[in-house]
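Under our numbering, the first residue of the sequence shown is numbered 58, with each subsequent residue one higher.
First the structure, in the form of C-alpha cells, and then the observations on it.
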Amino acid sequence: MIGYFFRLLSFIKHLYSTQTGQNKSKNVKLSVYEQRIVTHRVDPQTMQITWRDIAGLEEVINELKEKMIFPVQKRHLNQQNNTKSHCLHTGVLLYGPPGCGKTLIAKATAKEAGFAFINLKPSTLTDKWYGESQKLTAAVFSLASKLGPTIIFIDEIDSFLRSRSSRDHEVTAMMKAQFMSLWDGLETDHQCQVIIMGATNRPEDIDPAILRRMPTKIHIKLPNIEQRKQILRLILENETVDPLINLSHIARETEGFSGSDLKEICREAALLCVREIMDSDTLSDDCIRPISQDDLQKATTKMKESKSLGGLTLDETLSYYS
Numbered sequence: 058m059i060g061y062f063f064r065l066l067s068f069i070k071h072l073y074s075t076q077t078g079q080n081k082s083k084n085v086k087l088s089v090y091e092q093r094i095v096t097h098r099v100d101p102q103t104m105q106i107t108w109r110d111i112a113g114l115e116e117v118i119n120e121l122k123e124k125m126i127f128p129v130q131k132r133h134l135n136q137q138n139n140t141k142s143h144c145l146h147t148g149v150l151l152y153g154p155p156g157c158g159k160t161l162i163a164k165a166t167a168k169e170a171g172f173a174f175i176n177l178k179p180s181t182l183t184d185k186w187y188g189e190s191q192k193l194t195a196a197v198f199s200l201a202s203k204l205g206p207t208i209i210f211i212d213e214i215d216s217f218l219r220s221r222s223s224r225d226h227e228v229t230a231m232m233k234a235q236f237m238s239l240w241d242g243l244e245t246d247h248q249c250q251v252i253i254m255g256a257t258n259r260p261e262d263i264d265p266a267i268l269r270r271m272p273t274k275i276h277i278k279l280p281n282i283e284q285r286k287q288i289l290r291l292i293l294e295n296e297t298v299d300p301l302i303n304l305s306h307i308a309r310e311t312e313g314f315s316g317s318d319l320k321e322i323c324r325e326a327a328l329l330c331v332r333e334i335m336d337s338d339t340l341s342d343d344c345i346r347p348i349s350q351d352d353l354q355k356a357t358t359k360m361k362e363s364k365s366l367g368g369l370t371l372d373e374t375l376s377y378y379s
C-alpha cells in the first residue's frame, strides 16, 4: 500500500512538472510564425535521456557543463566578477563519425540543464511563398529568447548551413544570411540564454562563417577499448546475462565500432535467445535463457560481415548474397 502511494505521488509530480513546462509556452504570447516553430519544441521534463545513458564520454560531458550549463546557472558569478571568461558559448558543434551519440548528447544536455529544446529541421524553414522563410527564421530566434534558456539543435547541420556558392538559390542564400545575422545578435546580447547546437559527421562541408560562430567544437570519436567496454556494460545493464560473460573480450573484438554498432550487437545477441523460444514453440518468458558469451560472439561476427559490405561494389554485394 505504501509503495502504491509513493508511485502515485511520483506520477502526480511528473504530471505537474510536465504541465508546468507546457504552460510556459502557452502563457507566452506567440506570433503566427512562432506558433509554427513551437511545435518542434521538446519539453526537457518529458525527455527520458540523461547523462547516465551515455557511457565513456565523461570529458565531453564536463566540457558541456563548463561552457553551456555553468554560465546559465551561475550567471551571478559573471556579473559579480564583471568578466567574460565564463560567458555562455552561443555556438557548439558536435562532430564525428555516425552512431557515436552526438544527438543523444544534445538531448541529454537539455534534460540535465532543464533547457527548452527546439529540434530545428531545414524543412521547417521552407515555404512556397516568397519572404516566408525569412519570417520563420526570425521566429526561431524570437521564440527561443522567449522560452530561454533554450537549445536550438540542428542535426546534420552541414546539409542546412553548408558552404555558400553562386549556385545557391536566392531564397536559400537570404535565409542563411539572416540566420547568421540573428545568431550574431545572440553574442552581443549578454542577457540572452540561447545556444545553437549542431551535429555533423562532415564538418568540412559547413560554411566557414558558421564554424566561426561555433567556438566550442567537440570531437566525438569512435570509442576506444575501455569506452566500448563501458558502453556494452551500460547497454546490458537491464538484460539477463550469463555471470561468466567477458565484455573485455568483446571490446577487443570490436575495434572501430561505434556505440550504435555495439547496441546492435547486444540487440542481435538478445534475439538469438528469443529465437530459441520461437523454434521450440514455448510461450513462457521464464524459459528465455540469459545472454551468453557465444551469443555476443555470433552477433559480433554478423556485425563485422555487415560492416564489411560498406566497402563492396554492387557486383560484389550481389555476389555475397547469391
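Idealized CB from N, CA, C, for every residue including glycine.
Residue i - containing beta strand (DSSP E), residue span
i, result
"Tyr152", "148-152"
"Ala173", "173-176"
"Asp212", "207-212"
"Val251", "251-257"
"His276", "273-276"
Span separating the alpha-carbon of residue i from that of residue j
i, j, result
"Leu87", "Glu321", "42 Å"
"Glu312", "Ile282", "7 Å"
"Gly78", "Glu91", "Caution applies to Gly78, whose pLDDT of 46 falls short of 50 and renders its modelled position unreliable; the model cannot decide the point."
"Lys364", "Ile214", "25 Å"
"Gly188", "Pro179", "15 Å"
"Asp212", "Thr257", "7 Å"
"Asp241", "Gly158", "28 Å"
"Val331", "Ile275", "39 Å"
"Gln191", "Gln284", "43 Å"
"Trp108", "Arg221", "36 Å"
"Ile209", "Gln102", "17 Å"
"Pro300", "Ile348", "9 Å"
"Ile253", "Leu329", "42 Å"
"Met271", "Thr147", "7 Å"
"Glu116", "Ala173", "24 Å"
"Val99", "Cys344", "40 Å"
"Ser337", "Ala327", "16 Å"
"Ile307", "Lys355", "11 Å"
"Cys323", "Gln105", "21 Å"
"Glu333", "Ile292", "22 Å"
"Pro260", "Arg346", "45 Å"
"Asp184", "Thr297", "50 Å"
"Gln130", "Asn119", "15 Å"
"Thr273", "Met335", "50 Å"
With 16 other Cβ atoms within 10 Å as the buried cut-off, status of residue i
i, result
"Pro206", "buried"
"Arg269", "exposed"
"Met232", "buried"
"Lys164", "buried"
"Asp352", "buried"
"Gln250", "buried"
"Leu357", "It should be pointed out that residue 357 corresponds to Thr in this sequence rather than to Leu. Flag for Thr357 reads buried."
"Lys278", "exposed"
"Val89", "exposed"
"Thr166", "buried"
"Lys286", "buried"
"Pro265", "exposed"
Same chain, Cβ closer than 6 Å to residue i, neighbours up to 5 away in sequence not counted
i, result
"Ile94", "Ala196, Val197, Leu200"
"Thr194", "Leu182, Met232, Gln235, Phe236"
"Asp262", "Asp215, Arg219"
"Gly255", "Leu150, Ile211, Ile214"
"Val228", "Ser190"
"Leu177", "Ile209, Ile211"
For residue i, three-class secondary structure by DSSP
i, result
"Arg219", "strand"
"Lys320", "helix"
"Ala201", "helix"
"Gly242", "helix"
"Ile282", "helix"
"Val85", "coil"
"Ile263", "strand"
"Ile118", "helix"
"Ile162", "helix"
"Ile111", "coil"
"Ile345", "coil"
"Arg98", "strand"
Contact set for residue i: own chain, Cβ-Cβ below 7 Å, skip 5 residues either direction
i, result
"Ile288", "Ala112, Gly113, Pro280, Gly316, Leu319"
"Thr160", "Asp212, Ala256"
"Lys359", "Glu325"
"Asn303", "Gln350"
"Leu121", "Thr166"
Limits of the alpha helix (DSSP H) - the one that residue i falls within
i, result
"His306", "304-310"
"Pro128", "127-130"
"Asp352", "350-365"
Residues near residue i in its chain [Cβ-Cβ closer than 8 Å; skip 5 each side]
i, result
"Val85", "Lys203, Leu204"
"Glu169", "Thr107, Trp108, Ile126"
"Pro155", "Asn258, Ser315, Ser317"
"Lys361", "none"
"Glu294", "none"
"Arg309", "Ile282"
"Gly153", "Lys159, Asn258, His276, Ile277, Lys278, Leu279"
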